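Written below as structure tokens is the structure these notes are about.
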Amino acid sequence: MTATTDLIGLGIAFYGAMPPPRPPRPSRPERDGPTWAAAILIGSICLATVGPLFTIWSFHRPLEAAKARCRHAGGRIVYQALDGSDFRCDAADRVTGRH
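Here you go:
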């Protein structure tokens with residue numbers, strides 16, 4: 001019974017009227033200025049804001065491997081080291097027993 005009603009509905013669907021033909025696309029108005037100038041301006045603004053972020057990230061990334069080695073060795077990272085470096089690993093002092 002269901003198959004019969006499906007076939008009837010499918011057959012009736014093809015007897016409907018065809019939709020009207022699609023109208024032609026409207027013509028685009030000519031722009032007053034070159035769009036490449038706006039693209040260059042917006043692209044340079046994006047590079048000027050994102051570029052320093054990648055630069056800063058690249059300077060700090062090598063320090064992450066050294067910090068991970070220090071933590072893996074059971075050390076403690078001291079950020080205000082007296083030798084002028086960015087940080088110092090306190091693992092050597094723990095091994096020798098000196099504080």
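Residues 1 to 99, numbered by the UniProt record's numbering, are exactly what the sequence shown covers, in order.
We put the beta carbon where it would ideally sit given N, CA and C, even for glycine.
Treat the numbers as computed from the prediction; the structure is a model and nothing was measured.
Separation of G11 and P19 (C-alpha to C-alpha, rounded to the nearest whole angstrom) is 18 Å. For the pair P21 and T35, the Cα-to-Cα distance works out to about 34 Å. Counting only the Cα atoms, F14 lies some 10 Å from I8. Beta-bridge pairing by DSSP links V78 to R88.
For S58, the secondary structure class from DSSP, reduced to helix, strand or coil, is helix. Closest by C-alpha distance to E64, out of S44, L53 and I77, is I77.
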